[in-house]
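Visitor: Let me give you the structure first, and then I'll get to my questions.
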Amino acid sequence: MSTESSLFQRRRPLAQAEFDLIPWLQRLLPSERERAIEDLQVSDANPGDYVCRTGRQVTYWFGVIDGLLKMSTDNAEGQTMTFTGVPPGGWFGEGTALKREVYRYNIQALRKSLVAGLHVDTFHWLLDHSIGFNRFVMNQLNERLGQFIAAREIDRMSNPTIRVARSLAALFNPVLYPGLGTELRITQQELAYLVGLSRQRVNEALTTLATHGAIAVEYGGLRVVNLQALRSSYFIERRFKHEVHRFKQVGPRANRMSSL
8 MSTESSLFQR RRPLAQAEFD LIPWLQRLLP SERERAIEDL QVSDANPGDY
58 VCRTGRQVTY WFGVIDGLLK MSTDNAEGQT MTFTGVPPGG WFGEGTALKR
108 EVYRYNIQAL RKSLVAGLHV DTFHWLLDHS IGFNRFVMNQ LNERLGQFIA
158 AREIDRMSNP TIRVARSLAA LFNPVLYPGL GTELRITQQE LAYLVGLSRQ
208 RVNEALTTLA THGAIAVEYG GLRVVNLQAL RSSYFIERRF KHEVHRFKQV
258 GPRANRMSSL
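According to my numbering, the residues represented by the sequence shown are 8 to 267, in order.
Quick look at the structure:
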């Protein structure tokens, strides 16, 4: 039995506290909100469960109430490319739902997660009737395009600190994940899965980022202190200046030794 079927069988209506964690509901008019609430379902996803799989027909538009998901795809050589993680408050797959096509990526739970789903028919009903919902989806599509472009750039980066920094910055996108704030509950192993590095390299990168004051590593996760530093080339510039300074110190000494 597929994990998608198991998720469907475990679905249930949302509790009121869970509705409060869905950012787009507050943009709807009362009649629109009532229609959405009647249709919304939630299900528990266990670590490793697939919420969506490449080639499967879209049936729901999904969002994360709690937990952490990974969006990825496999190429012809069997290599996996991770686009991004999806933390609490994030909704995804609006482009696929809009076109009613098959998924071109996989969505997998990295930890036990609570995933909400809105049926694709209700998704389209809201598009036809709600201006507020249309604006939300348009903003999602615009931000998602920028996110995918950034993901391709991150995948080409060889500097592990920069890769971790940019990947963390993507997780703290205020448009895609408005409920996240400045703190993220994530383990080093989960972050390693998202970034595509070993846990040891991620640990070293986090230590560097914390040393420069961009993040604070806390029990069970981390807190972003300087989001702009994570997004910029700040750490590349700092490393370059450090290497130049070290070369100036070591260079004369090396010249003296070579003359002996």
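Heads up, the beta-carbon is just placed ideally off N, CA and C, and yes, glycines get one too.
The structure presented is a predicted model; accordingly, all values stated were derived computationally and were not measured.
(1) Three or more C-beta pairs under 8 angstroms: does that hold for the segment 91–102 against the segment 175–194?
(2) Run through DSSP, which three-state label would PHE247 get?
(3) Check whether the segment 26–42 touches the segment 126–140, taking contact to mean three or more Cβ pairs, one atom from each stretch, closer than 8 angstroms.
(4) Using CA atoms only, rank isn't needed, just tell me which of ARG111, LEU117, ILE72 is closest to PRO54.
(5) Pull up the CB-CB distance for LEU216 and VAL209, whole angstroms please, since I reckon it's below 8 angstroms.
(6) If you measure between the beta carbons of PRO167 and ALA221, is that distance less than 8 angstroms?
(7) Which residues in the same chain as VAL202 place their Cβ atom closer than 7 angstroms to its Cβ, once the five residues preceding and following it in sequence are excluded?
(8) Who pairs with LEU191 in a beta bridge, going by DSSP?
(9) For the pair the segment 151–158 and the segment 104–114, tell me if three or more CB-CB distances fall below 8 angstroms.
(10) In angstroms with no decimal places, state the Cα-to-Cα distance between LEU234 and ASN180.
(11) Using only alpha-carbon positions, find the residue among LEU121, GLU101, ARG163 that is nearest to ASN149.
(12) Comparing alpha-carbon positions, which option in GLY228, GLU225, THR218 lies nearest ALA236?
(13) Which residue wins for smallest C-alpha separation from ALA176, given the options VAL231, HIS126, ASP27?
(14) Please report how far the alpha carbon of TRP68 lies from the alpha carbon of VAL49, in whole angstroms.
(15) Short of 8 angstroms in beta carbon distance, which residues of its chain neighbour ARG19, apart from the five on each side in sequence? Order them along the chain.
(16) I need the straight-line Cα distance from LEU125 to TYR200, nearest angstrom please.
Guide: The relevant details are as follows:
(1) yes
(2) As a first step, residue 247 must be located in the sequence shown, where it is residue number 240. Any reading at PHE247 must be qualified, since the residue scores a pLDDT of 44, below 50, and its modelled position is unreliable; the value itself is stated next. If DSSP states are grouped into helix, strand and coil, PHE247 belongs with the helices.
(3) yes
(4) As a first step, residue 54 is located in the sequence shown; it is residue number 47 there, counting from the start. Per the Cα distances, LEU117.
(5) Looking up residue 216 in the sequence shown gives position 209. Looking up residue 209 in the sequence shown gives position 202. LEU216 to VAL209, Cβ: 10 angstroms. No contact.
(6) Taking the sequence shown and counting its residues from 1, one reaches residue 167 at position 160. Taking the sequence shown and counting its residues from 1, one reaches residue 221 at position 214. Taking 8 angstroms as the Cβ cut-off, PRO167 and ALA221 do not qualify as a contacting pair.
(7) In the sequence shown, residue 202 corresponds to position 195, counting from 1. So the qualifying residues of the chain are ARG170, VAL171, SER174, VAL209.
(8) One-based indexing of the sequence shown puts residue 191 at position 184. Looking at the DSSP assignment, LEU191 forms a beta bridge with LEU229.
(9) no
(10) If you number the sequence shown from 1, residue 234 lands on position 227. If you number the sequence shown from 1, residue 180 lands on position 173. The straight-line gap from Cα to Cα measures roughly 10 angstroms.
(11) Here residue 149 refers to the residue found at position 142 of the sequence shown. Ranking the options by Cα distance to ASN149, first place goes to GLU101.
(12) Stepping through the sequence shown from its first residue, residue 236 is reached at position 229. Minimum Cα distance to ALA236 is reached at THR218.
(13) Sequence index remark: in the sequence shown, residue 176 carries index 169 (1-based). Checking every option, the nearest Cα to that of ALA176 belongs to VAL231.
(14) One-based indexing of the sequence shown puts residue 68 at position 61. One-based indexing of the sequence shown puts residue 49 at position 42. One C-alpha to the other measures close to 12 angstroms.
(15) Position 12 of the sequence shown holds residue 19. Answer for ARG19: GLN48, VAL49, SER50, listed in chain order.
(16) Residue 125 sits at position 118 when you count from the first residue of the sequence shown. Residue 200 sits at position 193 when you count from the first residue of the sequence shown. Rounded to whole angstroms, LEU125 to TYR200 spans 28 angstroms at the Cα level.
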